Structure formats: structure tokens, C-alpha cells
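Residue 491, in the numbering used here, is where the sequence shown stops; the numbers in between run on with no holes.
Even glycine gets a Cβ: it sits at the ideal position worked out from N, Cα and C.
In this text, all values refer to a predicted model and were calculated from it rather than measured experimentally.
What follows is a set of notes on a single structure, which appears directly below.
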Amino acid sequence: MGGSLFSMVWLHVTSHRPNEHPLKVAIQRRKQAPTFRHMCVYEQRLKRKVEIYIKQASTMKKKLVVIVAIIVSLLLTGAVYSFVNQQDYSKQIKSVMDEKWAEYASDNPGFNGTLSIRIISSKGDFFVTTNQDSTGGNVHFRGASTTKTFTAAAIMLLYQEGKLNIDDKITQTIPGKDIPYVPSSADYAIPYKENITIRQLLGHRAGVFDVSNSPIPENVSAPYAGVVYTDYIKESAPEHNFTFDELVGVVATHQLAYFAPNEGYHYSNTGYSILGKIIERVSGMSYSSFVEQRLLQPNGLENTYFPSLGNDRQLPAPYAKGYTYIEGELYETTQDNMSPHIAEGNVITTADDLCKWAKLLYSGKVINSNLVAQMTDVKATGEEHKVYGLGTEYAEGLGFGHNGAHAGYMTVMRYDGENDIAIVISASVLNADDLYSQMDVMYEIGRECKQILGYST
35 MGGSLFSMVW LHVTSHRPNE HPLKVAIQRR KQAPTFRHMC VYEQRLKRKV
85 EIYIKQASTM KKKLVVIVAI IVSLLLTGAV YSFVNQQDYS KQIKSVMDEK
135 WAEYASDNPG FNGTLSIRII SSKGDFFVTT NQDSTGGNVH FRGASTTKTF
185 TAAAIMLLYQ EGKLNIDDKI TQTIPGKDIP YVPSSADYAI PYKENITIRQ
235 LLGHRAGVFD VSNSPIPENV SAPYAGVVYT DYIKESAPEH NFTFDELVGV
285 VATHQLAYFA PNEGYHYSNT GYSILGKIIE RVSGMSYSSF VEQRLLQPNG
335 LENTYFPSLG NDRQLPAPYA KGYTYIEGEL YETTQDNMSP HIAEGNVITT
385 ADDLCKWAKL LYSGKVINSN LVAQMTDVKA TGEEHKVYGL GTEYAEGLGF
435 GHNGAHAGYM TVMRYDGEND IAIVISASVL NADDLYSQMD VMYEIGRECK
485 QILGYST
């Protein structure tokens with residue numbers, strides 16, 4: 035029999051048109067009775083019709099109640115089935131997490147920290163953690179280089195609005211303005227400046243030396259030669275306020291570069307510092323203000339922040355304490371000065387927010403699908419198992435997104451568009467001795483969780 039239960043109920047309730055209502059017809063005939071005898075007959079017929087109608091109405095009401103009860107029962111059964119399924123999935127996910135994480139810890143004596151996973155999918159939304167005391171997916175942590183997805187999205191949004199062109203050289207004039215993308219000052223007189231494009235910066239193919247990851251060459255005449263510049267400064271001034279100008283200025287002062295633009299791939303935080311400067315000059319706003327007003331607020335990311343001051347070292351509550359594992363010892367490293375990492379690694383977020391962001395960004399809800407396609411057009415980097423697009427990495431079986439690693443925290447953020455599933459795996463511990471082994475086990479857990487939910491990897 036065709037039609038849904040709802041349409042059947044509606045058909046049953048509305049099967050009598052108003053002008054054919056049995057009670058109304060009987061009353062109308064009563065009015066037309068010409069004689070007393072006819073009146074008596076009509077009164078008897080009317081009484082009988084009223085009795086029949088009441089009986090029919092009662093039966094109809096009972097039928098309606100039964101049908102409604104069936105509908106409610108079916109809905110409740112589906113809800114209960116879904117709830118039971120989700121609980122079963124959660125148990126299986128936790129079992130895999132606990133087993134894999136414990137196995138990894140046993141291979142690294144003294145290694146310890148919370149691992150959590152947040153999933154948004156058609157099979158349900160899940161938050162599972164190894165920490166029994168966790169308050170859920172609203173716990174803050176440092177998302178580190180997942181920041182680059184926000185910076186890339188900000189650049190692409192400005193591109194979408196015609197306020198910049200990612201294929202422009204960084205020395206060109208900003209559309210609609212009379213200033214170049216980067217200042218003409220000595221701080222930005224970096225090697226190959228005239229040939230670097232915004233697109234190359236997004237893809238780490240501009241050759242910009244990274245002063246927050248690479249040690250300054252030994253042959254440089256400076257007190258920080260042989261060490262990472264930002265580490266050198268923070269050692270004596272933990273709350274020093276770093277700026278884009280200062281960081282890029284170190285590169286310019288010593289004329290440091292990995293290679294000429296488009297001659298190779300080298301991950302560069304300082305390249306993203308330049309992008310942060312471009313966002314500020316194009317938008318007329320600070321980096322943090324632009325991202326907050328144009329990306330966070332419109333997309334409902336209420337628990338994500340981009341601290342910019344050297345003394346803003348604590349995470350907002352609730353937060354996960356971060357630990358760094360070095361040579362078999364575990365050190366708490368929750369507090370930190372993130373000002374040297376603006377636009378490339380300073381995000382503080384939650385599993386809920388970051389997972390939501392991954393889904394929104396890569397499904398074309400933040401910028402248009404054509405620009406998402408450009409971000410996800412990943413190319414080989416020359417590094418084992420690594421490909422990179424524009425502010426976007428790709429992991430086989432997990433999808434597009436970005437990883438983040440900072441003292442005390444490691445994060446994997448991915449979105450698989452084919453299956454419409456977003457995953458964030460966050461650890462409140464960083465294995466500084468072997469970042470990649472930790473990342474690999476987090477990848478493995480992510481893939482197995484997808485398989486538990488019935489998705490291909």
C-alpha cells in the first residue's frame with residue numbers, strides 16, 4: 035500500500051468534506067421536514083445518525099490513537115536503536131584507543147598523557163577519551179599548526195572577495211590600495227623577495243627560512259648562531275612580545291633562505307608569519323581580529339582563540355595539562371608564550387570546535403568549493419609519505435586537514451569528503467624524541483575508528 039503513515043493518518047482524518055458531514059446533512063434535512071409526522075421521523079433519523087456518528091467518531095479516534103501510537107513507537111524504536119548503536123560504537127572506539135595508546139606508552143617508558151578523539155559523521159557524533167575525568171569535547175588545548183588552516187582560509191577568503199590574488203608577487207600592490215603586500219622596509223628585504231608569490235608561501239614552496247624551527251647557521255655573526263632564534267630569545271625573556279617584523283627581520287638581516295622560490299619544498303612557520311602580515315595589510319585589521327570576526331564568529335567557533343601577547347601563557351578553563359616527553363622523562367609544559375607563532379601555530383581550541391571547523395572548511399561552507407579544491411590540490415614534497423596543498427596536508431585513509439605539534443600537545447585534524455566524516459585526535463603529550471612515531475599511532479587509531487563506523491580507509 036502506497037503512502038507514508040503520516041499521509042494515511044491525514045487521509046483518514048480528512049476523508050469527509052464539510053458539506054458531506056453526516057451530522058450536518060441530518061440537521062439540514064430536519065430543517066426541511068414539512069409536517070409533524072415528518073418531523074418525528076426526521077427526529078428519529080437524526081437521533082440514529084447522531085448515535086452512528088458518535089460511534090464512528092469514537093472508532094475513528096481509536097484508530098487515530100492507534101496509528102499515532104505506532105508512529106511514536108517506530109520513532110522511539112529508531113531513536114533507541116541509534117542510541118544503542120552509538121553506545122556500541124563508542125565502546126569499540128574506546129577499546130581501540132586504550133589498546134593502541136597503552137601499547138605505544140609501553141614502548142616508551144615514562145610516556146603518559148590523555149588521548150581523545152572527536153568524530154562528526156552520518157553514523158553519529160562521538161567524543162571518546164582515555165581520561166575518565168574529562169569534561170568532554172570542550173576542553174581547551176593548543177592546536178599548534180592546525181592554525182595554518184585558519185590562515186590559509188583567511189587568505190582564500192580575501193582572494194574570493196577580490197581583495198588579493200594568491201598568484202601575485204608579495205612585492206606587488208594590493209588591489210584597491212597603494213601599498214604592497216609586504217612592507218618595503220629592511221625587515222622584509224628577504225632573499226628572492228621579488229619572486230615570491232602568496233601561493234608559494236601557502237604551500238611552503240617559497241624557500242623562506244624558518245626562524246622558529248631551524249637553528250640559525252653557525253657562520254652567522256650573531257649571539258644566537260647555532261640555535262633556534264625564538265628559543266634563544268625566550269630563554270632569557272619568556273614573555274617577550276614577538277612580532278611579524280622581528281621574525282621576518284632575522285631572515286632579512288642574515289639573508290637566509292632554503293632555496294629559490296618554487297625550487298623545492300621546505301616547511302616554514304616564518305613563511306606563514308609573512309602571510310599573517312599580508313592579512314593585516316589587506317584587511318586593515320590585526321590577524322587575530324580578522325580571524326575572529328570573519329572565521330570564528332560566523333561559524334560558531336566560540337571556544338577558539340588566537341593569543342598574541344607574550345604574557346598570555348595560560349589556557350582558558352577547562353583545559354588539558356600538556357606534557358612533553360624527553361629522553362624518558364615527562365615534563366609539564368602547559369604554559370607558553372605563543373606570540374612567536376601568530377598565524378602559524380598559536381591557536382587554542384577544543385575538539386568540538388576544531389572538528390566542526392574541519393567539516394565546515396573542507397565541505398565548502400567557509401570559502402567556495404573552487405577555492406577548497408585549490409587548497410586540497412596536494413603535491414609531493416619529497417618527504418616520505420607527505421603531500422601538501424595550500425595550508426593543507428593529506429593522510430591516506432583519513433582525508434585532508436593538518437597536524438599540529440607543540441610542547442605538550444599533538445593534534446591530527448582531518449576531513450574525508452567522500453564519506454563526510456570529520457575527525458580530530460588530540461593528545462595532551464608530545465614525544466619530543468620521536469614526533470613521527472606518535473603521529474603514526476594517532477593515524478592508525480583514526481583509521482581503525484573509521485573502520486569501526488563502517489567507512490573505508
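Return the bridge partner residues of R381 from the DSSP annotation.
In the sequence shown, counting from the first residue as 1, residue 381 sits at position 347. Strictly speaking, residue 381 in this sequence is Val, with Arg absent from that position. In the DSSP output, where bridge partners are listed per residue, V381 has A178.
Less than 7 Å between C-beta atoms, sequence neighbours within five positions excluded: which residues of the same chain meet that for P272?
The residue given as residue 272 occupies position 238 in the sequence shown. Only N371 meet the Cβ criterion.
Ignoring anything shorter than 4 residues, give me the alpha helix (DSSP H) runs that lie fully in the stretch 310-347, in order along the chain.
321-325
Anticipated Cβ contact below 8 Å, G170 with F160, distance rounded:
The residue you call residue 170 lines up with position 136 of the sequence shown. The residue you call residue 160 lines up with position 126 of the sequence shown. Contact doesn't hold; Cβ gap of about 11 Å is too wide.
Beta-carbon contacts of Y477 that lie in its chain and below 7 Å, excluding the five residues immediately before and after
Within the sequence shown, residue 477 is the residue found at index 443, counting from 1. Correct list, in chain order: A429, L432 and V446.
Note the first and the last residue of the continuous alpha helix (DSSP H) segment covering M473.
Against the sequence shown, residue 473 aligns to sequence position 439. From DSSP, the alpha helix (DSSP H) with M473 extends over L469 to I486.
Spell out the partners DSSP gives K203 in its beta bridges.
Within the sequence shown, the letter at position 169 stands for residue 203. T231, per the DSSP bridge assignment.
Is DSSP giving P374 helix, strand or coil here?
Within the sequence shown, the letter at position 340 stands for residue 374. The answer is helix: DSSP assigns P374 an H, G or I state.
Rounded to whole angstroms, what's the CA-CA distance from L191 to P374? Just pull it up for me.
For the purposes of this step, residue 191 is taken as residue 157 along the sequence shown, with counting starting at 1. For the purposes of this step, residue 374 is taken as residue 340 along the sequence shown, with counting starting at 1. If you take the alpha carbons of L191 and P374, they lie about 24 Å apart.
According to DSSP, simplified to helix, strand and coil, what is S307?
The count along the sequence shown starts at 1 and reaches residue 307 at position 273. Note: S307 maps to helix in three-state DSSP.
Residues bridged to A441 [DSSP beta-bridge criterion]
For the purposes of this step, residue 441 is identified with residue 407 of the sequence shown, where counting begins at 1. The partner list for A441 (beta bridge, DSSP) is empty, contrary to what the question assumes.
Which full runs of the beta strand (DSSP E) of 3+ residues lie inside the stretch 150-195, going along the chain?
158-163 and 174-178
Label S179 either buried or exposed according to how many other C-beta atoms from any shown protein chain fall within 10 Å of its C-beta, with 16 as the threshold for buried.
Start at 1 with the first residue of the sequence shown, and residue 179 comes out as number 145. The residue in question, S179, is buried, as its Cβ has 16 or more Cβ neighbours within 10 Å.
Check whether the stretch 296-307 touches the stretch 376-385, taking contact to mean three or more Cβ pairs, one atom from each stretch, closer than 8 Å.
yes
Cα-Cα separation, K197 to R448
Sequence index remark: in the sequence shown, residue 197 carries index 163 (1-based). Sequence index remark: in the sequence shown, residue 448 carries index 414 (1-based). Those two C-alpha atoms are separated by around 29 Å.
For K399 and I267, what's the separation of their Cα atoms in angstroms?
As a position in the sequence shown, residue 399 is number 365, starting the count at 1. As a position in the sequence shown, residue 267 is number 233, starting the count at 1. The straight-line gap from Cα to Cα measures roughly 40 Å.
Under 8 Å by Cβ, that's how I've got Y396 and V412 pegged, so tell me the actual separation to the nearest angstrom.
Your numbering for residue 396 matches position 362 in the sequence shown. Your numbering for residue 412 matches position 378 in the sequence shown. The Cβ separation is near 12 Å, so there is no contact.
Is the beta carbon of Y353 less than 9 Å from the beta carbon of F340?
Residue numbering aside, residue 353 sits at position 319 when the sequence shown is read from its first letter. Residue numbering aside, residue 340 sits at position 306 when the sequence shown is read from its first letter. No.
Would you kindly work out how many angstroms separate the C-alpha atoms of E137 and M131, rounded to a whole number?
Stepping through the sequence shown from its first residue, residue 137 is reached at position 103. Stepping through the sequence shown from its first residue, residue 131 is reached at position 97. Taking the straight line joining both Cα atoms gives about 10 Å.
By Cβ distance, which residues of its chain are closer than 6 Å to N453, with the 5 residues on each side in sequence left out?
Residue numbering aside, residue 453 sits at position 419 when the sequence shown is read from its first letter. Excluding residues within five positions, the ones whose Cβ falls inside 6 Å are Y489.
Since F243 contacts L281 with CB under 8 Å, what's their CB separation in whole angstroms?
Residue numbering aside, residue 243 sits at position 209 when the sequence shown is read from its first letter. Residue numbering aside, residue 281 sits at position 247 when the sequence shown is read from its first letter. No, F243 and L281 are not in contact; Cβ-Cβ is about 10 Å, not under 8 Å.
To the nearest angstrom, report how far apart L487 and E133 are at their CA atoms.
Walking along the sequence shown from the start, residue 487 turns up at place 453. Walking along the sequence shown from the start, residue 133 turns up at place 99. If you take the alpha carbons of L487 and E133, they lie about 18 Å apart.
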